[in-house]
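Under the numbering used here, the first residue of the sequence shown is numbered 2, with each subsequent residue one higher. Just so it is clear, CB atoms sit at the ideal spot from N, CA and C, and this is done for glycine as well. Keep in mind that this is a model prediction, so the values were computed, not measured.
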Amino acid sequence: MTCSRRRPAVVAAVLTALVGLTAGCSDSQSISSGTGTAGGSTSSTDIGAPGSSAGGGTTSAAPTTAPSPTAPGTTAATTPPTPAPTTPPTSPGGCPGAAGIPAGADIGTTIHGDIDGDLADDTVTEYSLGGVPHVHAQLASGAQSDTEVPIGFADHVEISFNDFDHSLGAAVPPPVAVLAIGTTSAGSAVFTFLTLNTDYCIKPWHVSGGAMFVGRLSAQGPYEGLWCDGAAGRIYTSLTTAETDGAGGWTVTTRLLHHNFTLVTIDAAQTFPATGSDGDIQQQYGDINGCGHAPLFS
């Protein structure tokens with residue numbers, strides 16, 4: 002049987018997972034993949050496949066049939082978009098990197114977009130210094146900040162914008178997040194998101210336990226991916242995994258992501274059965290799917 006994209010089932014699982022979530026605001030914590038880091042002093046904790054000792058989410062029992070689609074709008078109101086800070090800093094200097102990109106940096110990619118919600122494009126630059134990847138932000142107001150992004154095995158990370166907090170019809174479009182991807186080995190990669198914290202400093206996302214958030218992408222099996230899908234005027238972003246069920250089918254797990262500034266929370270796992278070829282399942286659940294970024298492995 003050929004695998005369809007199963008968007009209704011994934012959206013259903015995502016919408017169902019939204020009920021009752023509350024995220025606190027903190028800037029002292031972060032999470033990382035066991036595939037390793039490229040340097041820096043940031044502590045890390047592995048997010049493994051659901052059910053592993055390092056995983057974070059608790060896998061629920063797979064239902065006998067895929068969940069029925071939830072009517073649009075039934076749960077979206079429980080997770081309003083994260084507000085941008087309302088008052089920019091009166092003067093630069095309070096963030097690391099306020100003086101600009103240091104001399105001797107190996108400059109990588111520069112992108113332009115609104116990361117602080119003032120409707121003016123800001124400048125985000127990826128560079129490497131001493132073999133460690135960095136992301137530097139210069140706001141349209143002139144304020145600058147900088148952070149290490151020690152993920153992957155290379156000196157640089159790839160950066161792009163992600164409309165994580167998309168809200169259709171919002172009077173003021175929410176600011177975009179930065180998606181950073183680090184290379185590891187063939188068929189796998191790691192990633193994190195970055196946004197401004199309450200002091201207008203750019204920082205990687207972190208979990209409440211204190212470790213930087215790092216997700217994994219794997220086309221090697223069990224498949225691991227990042228899925229972005231729209232419903233009820235919002236975009237829902239989930240970590241996905243898929244592994245064989247021993248009976249010719251697949252068990253797919255999704256865990257919905259939320260954030261409050263740089264604090265990320267991850268919903269409990271939702272599981273459902275799937276059918277399809279190995280290649281189709283890998284493309285859907287073992288890669289980046291949507292999220293403003295092309296797939297890495299196909």
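Bounds of any alpha helix (DSSP H) do not take in GLY222, whose DSSP letter is neither H nor E. With contacts defined as CB atoms closer than 8 Å, ASP246 and PRO274 qualify as a contacting pair.
Of all C-beta pairs linking the region 255 to 262 to the region 236 to 245, three or more are shorter than 8 Å, placing the two stretches in contact. By the C-beta density criterion, GLY183 is buried, having at least 16 other C-beta atoms within 10 angstroms.
Here DSSP, grouped into helix, strand and coil, assigns GLY153 to coil.
DSSP places GLY280 in the uninterrupted alpha helix (DSSP H) bounded by 279 to 286. If you check the CB distance, THR276 and GLY250 come in under 8 Å. A contact is defined here as three or more CB-CB pairs under 8 Å, and the region 185 to 195 meets this definition with respect to the region 142 to 154. Uninterrupted beta strand (DSSP E) stretches at least 3 residues long and entirely within the region 118 to 184 occur at 123 to 130, 133 to 139, 145 to 149, 159 to 163 and 178 to 184, given in chain order. Inter-segment contact for the region 106 to 125 and the region 164 to 183 is present: three or more beta-carbon pairs are separated by less than 8 Å.
The region 260 to 270 and the region 199 to 214 touch, with no fewer than 3 CB-CB distances between them shorter than 8 Å. Only exposed fits THR199, as fewer than 16 other CB atoms lie within 10 angstroms of its CB. Boundaries of the beta strand (DSSP E) around HIS260: 251 to 261. The Cβ neighbour count for PRO205, taken over all protein chains shown within 10 Å, is at least 16; the residue is labelled buried. Here GLN285 is buried, its C-beta having at least 16 other C-beta atoms within 10 Å. If you ignore the 5 residues before and after GLY105, its C-beta comes within less than 8 Å of the C-beta of LEU130, all in its own chain and listed in chain order.
The C-alpha of ASN290 is placed about 16 Å away from the C-alpha of GLN221.
Ranked by how close their Cα comes to the Cα of GLY234, the residues SER161, VAL133 and SER168 have SER168 in first place. Look at TYR237 here: in three-state DSSP terms it is strand.
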